[in-house]
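What follows is the structure, encoded as structure tokens:
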């Protein structure tokens, strides 16, 4: 089970992305937010398969960064 600290970080990241999405950004910003969220989700899944719960946390971060810079 994830620690409360990790849950807080995840909730804050989702809230920040939702805030960006709901504030009416341009199409490029929407696409960037979508790519970031998709990258985080895919990274979490792959990280969990490779390294368990610690891999999932690292995969989410790496996936979000990769999606953001795509």
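In mature numbering (1 follows the signal peptide of the UniProt record, and there is no 0), the protein residues as written are -28 to -1, 1 to 42. Glycine included, C-beta positions come from ideal geometry on N, C-alpha and C. Only a predicted model underlies this, so the values are computations on that prediction, with no experimental measurement involved.
Task: Backbone CA spacing between residue 31 and residue 15 [nearest angstrom] - done: 4 Å
Task: Three-way DSSP call (helix, strand, coil) for residue 42 in this model - done: coil
Open item on the list: Given this structure, state the Cα-to-Cα distance separating residue -17 from residue -23, to the nearest angstrom.
Closed with: 10 Å
- [ ] Just confirm the distance between the C-beta atoms of residue 11 and residue 35, as a whole number of angstroms; I'd bet it's less than 8 Å.
- [x] 4 Å
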